[in-house]
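Chemist: In our numbering, the protein residues as written are 7 to 451.
We put the beta carbon where it would ideally sit given N, CA and C, even for glycine.
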RNA sequence: GUGGUUGUAGCUCAGUUGGUUAGAGCACCGGUUUGUGGUACCGGGGGUCGGGGGUUCAAGUCCCCUCAAUCACCCCA
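(1) Can you tell me which of the three DSSP states residue 266 falls into?
(2) Measure the C-alpha to C-alpha separation of residue 87 and residue 131 and round it to an integer number of angstroms.
(3) Could you give the residue range of the beta strand (DSSP E) that holds residue 180?
(4) Can you grab the Cα-Cα spacing for the pair residue 226 / residue 306, in whole Å?
(5) Quick one: measure Cβ to Cβ for residue 164 and residue 154, integer angstroms, because I've assumed they're closer than 8 Å.
(6) Answer with buried or exposed for residue 383, where buried requires no fewer than 16 other C-beta atoms within 10 angstroms of its C-beta.
(7) What separation, rounded to the nearest whole angstrom, lies between the Cα atoms of residue 318 and residue 233?
(8) Does the distance from the C-beta atom of residue 316 to that of residue 92 stay below 8 Å?
(9) Taking three-plus beta-carbon pairs below 8 Å as touching, is the segment 237-257 in contact with the segment 160-178?
(10) Sorted by chain position, which residues of the same chain lie with C-beta nearer than 6 Å to residue 161's C-beta, five sequence neighbours on each side aside?
(11) Compare the Cα-Cα distances from residue 15 to each of 72, 79, 128, 281 and report the closest residue.
(12) Spatial neighbours of residue 313 within its chain, please: C-beta separation below 8 Å, excluding the five flanking residues on both sides.
(13) Where do the N-terminal and C-terminal ends of the alpha helix (DSSP H) with residue 325 fall, by residue?
(14) Can you give the Cα-Cα distance for residue 109 and residue 48, rounded to whole angstroms?
(15) Do residue 461 and residue 385 have their C-beta atoms within less than 8 Å of each other?
(16) Is there contact here, the segment 213-221 with the segment 230-249, by at least three beta-carbon pairs under 8 Å?
(17) Suppose the cutoff is 8 Å on Cβ atoms and the five residues either side in sequence are ignored; what does the same chain contact list for residue 204 look like?
(18) Under a three-way DSSP split, which group does residue 208 fall into?
(19) Just how far apart, CA to CA, sit residue 424 and residue 375?
(20) Could you round the C-beta distance between residue 178 and residue 191 to whole angstroms and report it? I think they count as a contact, below 8 Å.
(21) Taking 7 Å as the cut-off, is the beta-carbon of residue 10 closer than that to any non-hydrogen atom of the ligand NAP?
(22) If we count the other Cβ atoms within 10 Å of its Cβ and call it buried at 16 or more, is residue 212 buried or exposed?
(23) Using a 10 Å radius around the Cβ and a threshold of 16 neighbouring Cβ atoms, would you call residue 20 buried or exposed?
(24) Would the beta-carbon of residue 403 fall within 8 Å of that of residue 395?
(25) Can you check whether the CB of residue 33 is closer than 8 Å to the CB of residue 112?
(26) Could you give the first and the last residue of the continuous beta strand (DSSP E) run that contains residue 143?
(27) Expressed to the nearest angstrom, what Euclidean distance is found between the alpha-carbon atoms of residue 341 and residue 332?
(28) Residue 292 and residue 167 look like a contact to me (Cβ under 8 Å); what is the Cβ gap, rounded to whole Å?
(29) Between the C-alpha atoms of residue 516 and residue 56, what's the straight-line distance to the nearest angstrom?
(30) For the beta strand (DSSP E) holding residue 295, just list the boundary residues, first then last.
(31) When we look at the beta-carbon of residue 133 and count the other beta-carbons within 10 Å, is it buried (16 or more) or exposed?
(32) Can you give the beta carbon distance from residue 365 to residue 381, rounded, assuming they're within the 8 Å contact cut?
(33) Who are the near neighbours of residue 235 in its chain, counting only those whose CB is closer than 6 Å to its CB and skipping five residues on each side?
(34) Using 8 Å as the threshold, is the C-beta distance between residue 106 and residue 117 below it?
(35) Buried or exposed: where does residue 145 fall if 16 or more other Cβ atoms within 10 Å of its Cβ makes it buried?
(36) Taking DSSP as the reference, what is the three-state secondary structure of residue 234?
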């Protein structure tokens with residue numbers, strides 16, 4: 007056991023683990039490319055102000071920040087969106103809109119680690135900038151769904167709950183809540199499912215301090231409003247409120263676009279989702295697994311003011327993040343993690359030091375041709391070597407003994423069905439390429 | 001940050017009311033007479049029993065502290 011352990015909340019990935027991570031990255035990347043998104047990357051370490059300026063004091067204590075040797079206040083990135091906003095903002099004027107970008111990177115936050123929640127985790131970020139209309143939100147929600155479906159998950163395994171901070175603000179306005187108190191009230195809404203009635207009422211009283219709104223009544227109204235699950239019911243509640251009705255036509259476009267793209271059964275209206283993050287401005291959504299814990303798999307929404315706040319142009323934007331930790335837990339429980347297979351194509355069995363030069367000559371030749379090749383570094387006996395080939399995970403063994411080398415051939419042995427055939431060493435590249443593609447039949451006379 | 005649970009070889013665990021050089025299975029390495037592999041048998045390496053301190057003639061076994069994992073709360077980018 008090593009004396010020095012890895013830091014709490016940080017993971018080590020042995021090859022088997024790294025292969026799973028690679029699979030996750032691969033599905034994310036492939037799916038985003040299918041939607042026309044392009045990959046970007048930003049520094050892992052950023053000036054502390056990038057994250058504190060917009061997020062406020064509460065988030066500072068969760069930042070993985072410190073002072074560097076030059077006396078700079080720096081922080082590992084807790085998310086990639088501020089970096090994205092800065093990068094896009096700097097060059098947005100010259101970029102074709104809409105901008106479709108995605109990134110896969112490790113993010114950090116200094117918190118007490120728990121299952122599904124670490125100090126370092128990988129996350130997919132997909133963002134669409136330059137389009138303010140709901141069609142952009144729909145595109146991102148579709149991409150989010152496809153990023154989950156790409157792993158083999160069914161539409162019934164998860165649900166994307168869609169909510170709307172704009173609609174909430176319009177609703178609260180219609181209930182007489184001053185604009186200044188609206189955010190605090192949404193904070194209470196966020197806790198509706200978890201808090202006790204007494205705590206919620208107290209929280210609501212604090213949120214409404216200095217106003218004439220009745221806390222108990224608003225709490226009841228808000229609870230009812232949050233429970234609405236259909237556009238029709240929302241329209242009824244909106245009644246003659248023009249602002250809310252206008253917003254609901256946006257909803258219609260959002261939902262019809264999602265339907266046209268074929269993702270109706272993946273989404274549901276759920277106004278209990280408000281998301282804590284301060285910079286969200288419009289539609290927000292979270293993807294949950296439908297079984298068991300119902301943990302959040304992904305979350306995102308519209309942040310139309312962030313780019314400008316960070317010094318860029320006035321650029322509307324919508325995006326989401328999807329972490330690897332919870333996703334992996336879900337894939338494991340659904341048995342959707344592919345078997346680990348990372349062996350070489352060929353294991354060259356060098357039977358004796360007399361033939362070693364000839365064997366290594368072919369090893370090098372095969373490697374230059376792009377094959378994955380391993381061989382025994384030390385001399386060994388036949389049964390031992392064939393077992394080595396097996397445990398290395400090779401598909402085929404290439405036997406180099408004195409007989410074979412004398413005849414100018416190598417013997418190919420399938421480690422799966424144990425068939426054997428000889429191949430002239432002069433033809434080794436095309437012959438083995440055929441073996442990999444068509445199997446042993448390609449060289450069995 | 002607060003509280004509960006857990007911590008013995010790479011993995012899964014045994015270790016009796018504290019008592020001699022801490023064990024098993026799997027895994028790994030080697031061998032079973034020298035060119036054909038998932039079985040069987042034999043052997044080997046590997047643990048300062050998470051770390052530190054204390055009680056005792058004696059502690060993996062009891063007490064305290066600490067570290068880590070995990071669960072709940074908090075918070076969620």
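Modeler: Reading from the atomic positions:
(1) helix
(2) 8 Å
(3) Counting along the chain, residue 180 falls outside any beta strand (DSSP E), though it belongs to the alpha helix (DSSP H) covering 171-180.
(4) 27 Å
(5) 5 Å
(6) exposed
(7) 38 Å
(8) yes
(9) yes
(10) 271, 272
(11) 128
(12) 91, 94, 95, 98, 135, 319, 320, 321, 323
(13) It is not in any alpha helix (DSSP H) - residue 325 instead sits in the beta strand (DSSP E) that spans 323-329.
(14) 9 Å
(15) Nothing about residue 461 can be reported from this structure: the residues present for the chain run from 7 to 451 only.
(16) no
(17) none
(18) helix
(19) 25 Å
(20) 6 Å
(21) Ligands are entirely absent from the displayed structure, and the ligand NAP is therefore not among its contents.
(22) exposed
(23) exposed
(24) yes
(25) no
(26) Careful: residue 143 lies outside any beta strand (DSSP E), inside the alpha helix (DSSP H) at 140-155.
(27) 14 Å
(28) 5 Å
(29) The chain is shown only over 7 to 451; residue 516 falls outside these bounds and no answer can be derived.
(30) 289-295
(31) buried
(32) 7 Å
(33) 275
(34) no
(35) buried
(36) coil
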